[in-house]
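Chains as they are written, first to last, in the working numbering: chain C, 40 to 156; chain E, 5 to 303.
Have a look at the structure below before the remarks.
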């Protein structure tokens, strides 16, 4: 069965965890940075995504630390999560390459794309 | 715990209990860390996001493969409750009509109510096919009866149960459909349920609850109207609260929603559009719950 493409917030969460285990707030700040300040995850969205990703066994709990008297749980990418992210990266890369190739053939757009590359 | 913390924590009630126990503290930490210290409570968008997240998690659990057995129990129980409700309601209506000395109508009501006792019994004894066949026979009988009864009426008259409504539209077919809709949904539920049974509720408890509600209804019909209504509502409210407290009970409520709506429908639904919408909704809910119940092996 071909896998469904991953939504952007989920993609960014997996990308954040690809750098190593992180806790909830760490993921939020990392996602904000990766996305260039564009995606600011809120707690509800983040934990709904974490719950789903744990259900799909793409991520798992890594360890708990107590900071300021509060338990802080770290999450890490599973092997399955890593390969899922790699598949998605490949898919996005192929799409982007196809789009770029076709745009290059459009005479009206040639200068701007050449300038960008 | 500070007042600020408490105001944030309150929103976590939208999450399932076990999720709260496991992730409540870290969610609170994230919430407090990601909002400025002078912010005293979640902003509207944060609150909305928390609610949406909680509902998403609940919905995912509600339909997850691990909870399918609950759907199976719920659909089986609902298939038993639907004819039970029709029986009880029919009995109650007949008693009320007899109280108003409308014995003809009371007798007719009884004719429609009593077969449902047989249907409940058949379903309870595991004779699902026989129960479903009887339920469909009742639909056919009621449709024929309603249609024949409506034929001589002039065009543009609508009959709802024993109430005569005047309407500008020729809606005989619609009102016939509407009158038989509860019976239809009930028959469909009996046909689709894997094996109607009281399930985890247990026969004894189901009997006790049924008896309790029936007694409340009978007593409610005999005492002065205001107290009667309060008593009946209190009995039904207790049942509803008890049901909604258990995971299977909540699923029963979802499964039975179209049936109950069809059974207590206001006259305003005697329009082809709203009737069609209700029929479609009932079909969709039935299809989804049946799929959820049947996509599991019996425990």
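Where a beta carbon is used, it is the ideal one built from N, C-alpha and C, also for glycine.
Q: Assess, as a yes-or-no matter, whether the segment 98 to 106 of chain E is touched by the segment 63 to 78 of chain E under the definition of 3 or more beta carbon pairs within less than 8 Å.
A: Between the segment 63 to 78 of chain E and the segment 98 to 106 of chain E there are fewer than three inter-stretch CB-CB distances shorter than 8 Å, so the stretches are not counted as touching.
Q: Would you tell me roughly how many angstroms separate the C-alpha atoms of residue 50 of chain C and residue 70 of chain C, rounded to the nearest one?
A: Approximately 10 Å, taken between the alpha carbons.
(Q) Please return the same chain residues whose Cβ sits closer than 6 Å to the Cβ of residue 85 of chain E, not counting the five positions on each side in sequence. (A) Same-chain partners within the cutoff: there are none.
Q: Using a Cβ-Cβ cut-off of less than 8 Å, give me the residues of the segment 58 to 69 of chain C that come near chain E, in sequence order.
A: Going along the segment 58 to 69 of chain C in chain order, one finds 62, 63, 64 and 67 with a Cβ nearer than 8 Å to chain E.
**Q.** Any non-hydrogen atom of the ligand ADP within 7 Å of residue 81 of chain E CB
**A.** Among the components modelled here there is no ligand, and therefore nothing to report on the ligand ADP.
Q: Starting from the beta carbon of residue 115 of chain C, find every residue of chain E whose beta carbon is closer than 8 Å, and list them in chain order.
A: Those within 8 Å of residue 115 of chain C in chain E number zero; the least Cβ separation is about 15 Å.
(Q) In this structure, how does DSSP classify residue 109 of chain C when only helix, strand and coil are distinguished? (A) Strand at residue 109 of chain C.
Q. So the alpha helix (DSSP H) residue 21 of chain E belongs to, where does it begin and stop?
A. Run containing residue 21 of chain E: 21 to 37, per the alpha helix (DSSP H) assignment.
Q. What is the residue span of the alpha helix (DSSP H) that residue 268 of chain E lies within?
A. If you look at residue 268 of chain E, you'll find it isn't in any alpha helix (DSSP H); DSSP assigns it neither H nor E.
**Q.** Nearest-angstrom beta carbon gap, residue 235 of chain E and residue 220 of chain E [assumed within contact, 8 Å]
**A.** Rounded to the nearest angstrom, the Cβ distance from residue 220 of chain E to residue 235 of chain E is 6 Å, consistent with a contact under 8 Å.
Q. Can a CB atom of chain E be found closer than 8 Å to the CB of residue 155 of chain C?
A. Note that residue 155 of chain C has pLDDT 49, beneath the 50 cutoff, so the model's placement of it is unreliable and no number is given.
Q) How many angstroms separate the CA atom of residue 124 of chain C from the CA atom of residue 120 of chain E? A) Approximately 56 Å, taken between the alpha carbons.
Q) If we call anything under 8 Å between Cβ atoms a contact, is residue 74 of chain C one with residue 130 of chain C? A) No, the Cβ-Cβ distance between residue 74 of chain C and residue 130 of chain C is not below 8 Å.
Q | Under 8 Å (Cβ pairs) to chain C, residues found in the segment 57 to 69 of chain E | A | If the cut-off is 8 Å between Cβ atoms, the segment 57 to 69 of chain E has 57, 58, 60, 61, 64 and 68 near chain C.
Q. Under a CB-based cut-off of 8 Å, is residue 34 of chain E close to chain C?
A. Yes, its Cβ sits closer than 8 Å to a Cβ of chain C.
Q.
If you reduce the DSSP assignment to three classes, tell me which class residue 90 of chain E lands in.
A. Of the three classes helix, strand and coil, the one that applies to residue 90 of chain E here is helix, per DSSP.
(Q) Just checking: is the beta-carbon of residue 299 of chain E within a distance shorter than 8 Å of some beta-carbon in chain C? (A) Not an interface residue.
**Q.** Neighbour list for residue 121 of chain C in chain E, Cβ cutoff strictly below 7 Å
**A.** Residues of chain E passing the Cβ test: none, with the nearest at roughly 23 Å.
Q: Please list the segments of the beta strand (DSSP E) lying wholly inside the segment 187 to 268 of chain E, counting only runs of 3 or more residues, in order along the chain.
A: Whole beta strand (DSSP E) segments, 3+ residues: zero.
Q: State yes or no: is the beta carbon of residue 52 of chain C nearer than 8 Å to at least one beta carbon in chain E?
A: The Cβ of residue 52 of chain C sits no closer than 8 Å to any Cβ of chain E.
**Q.** One or two residues paired with residue 114 of chain C in a DSSP bridge
**A.** Answer is C:61 and C:100, bridged to residue 114 of chain C.
Q: May I ask which residues mark the beginning and end of the alpha helix (DSSP H) holding residue 119 of chain E?
A: Counted as a single uninterrupted DSSP element, the alpha helix (DSSP H) harbouring residue 119 of chain E occupies residues 107 to 128.
Q. From residue 48 of chain E to residue 120 of chain C, what distance separates their C-alpha atoms?
A. When rounded, the distance between both Cα atoms is 33 Å.
**Q.** Coarse secondary structure for residue 12 of chain E, derived from DSSP in three states
**A.** It is helical.
Q) If you measure from the beta carbon of residue 84 of chain C to each beta carbon in chain E, is any gap under 8 Å? A) Chain E contact via Cβ: present.
Q. Is there a Cβ from chain C that is less than 8 Å from the Cβ of residue 22 of chain E?
A. No, because no Cβ of chain C sits closer than 8 Å to the Cβ of residue 22 of chain E.
Q) Using a Cβ-Cβ distance under 8 Å, would residue 77 of chain E count as near chain C? A) At a cut-off of 8 Å between beta-carbon atoms, residue 77 of chain E makes no contact with chain C.
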